[in-house]
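**Student:**
In the numbering used here, the protein residues as written are 480 to 562.
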């Protein structure tokens, strides 16, 4: 299985401008965005280095990333409808 980037702008290119806007204007979105980005980079780094980590821990990290992405997506959809 290949290692892929889950950077939010790549995951949701249709919301690229809105992501940038919310990062600048919504502190809660920005905080979640940063948490997501840091976790994604950590996971990607572990996978690239084939670092010694238990499958269970890596799975939990990926689950957390998925939850954060879901929360960010919901914020994007909500703010897109409000526009």
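Every residue, glycine too, gets a C-beta built ideally from N, C-alpha and C.
Since the structure is predicted, the reported quantities are computational estimates derived from the model, not experimental observations.
Once you ignore the five residues that flank residue 494 on each side, which residues in its own chain have a CB closer than 8 Å to its CB?
**Tutor:** As a working mapping, residue 494 is identified with position 15 in the chain shown. Hits under 8 Å: 555, 559.
**Student:** If we count Cβ pairs, one from each stretch, closer than 8 Å, do we get three or more for the stretch 544-552 versus the stretch 508-522?
**Tutor:** Counting Cβ pairs under 8 Å, three or more are found: they touch.
**Student:** Who are the Cβ neighbours of residue 540 in its own chain at under 6 Å, not counting the five residues just before and after it?
**Tutor:** Taking the first residue of the chain shown as position 1, residue 540 is located at position 61. Taken in chain order, the residues that qualify are 522.
**Student:** Could you check where the alpha helix (DSSP H) with residue 510 kicks off and where it finishes?
**Tutor:** Against the chain shown, residue 510 aligns to sequence position 31. Residue 510 -> alpha helix (DSSP H) spans 506-528.
**Student:** Do residue 518 and residue 543 have their C-beta atoms within less than 8 Å of each other?
**Tutor:** Start at 1 with the first residue of the chain shown, and residue 518 comes out as number 39. Start at 1 with the first residue of the chain shown, and residue 543 comes out as number 64. Yes, the pair counts as a contact, with Cβ atoms nearer than the cut-off.
**Student:** Mind checking which residues open and close the alpha helix (DSSP H) that includes residue 538?
**Tutor:** Reading the chain shown from its first residue, position 59 is the one you call residue 538. Run containing residue 538: 534-561, per the alpha helix (DSSP H) assignment.
**Student:** Return yes when the Cβ of residue 488 is within less than 8 Å of the Cβ of residue 498, no when it is not.
**Tutor:** For the purposes of this step, residue 498 is identified with residue 19 of the chain shown, where counting begins at 1. For the purposes of this step, residue 488 is identified with residue 9 of the chain shown, where counting begins at 1. It is a contact, given that the beta carbons lie within the stated cut-off.
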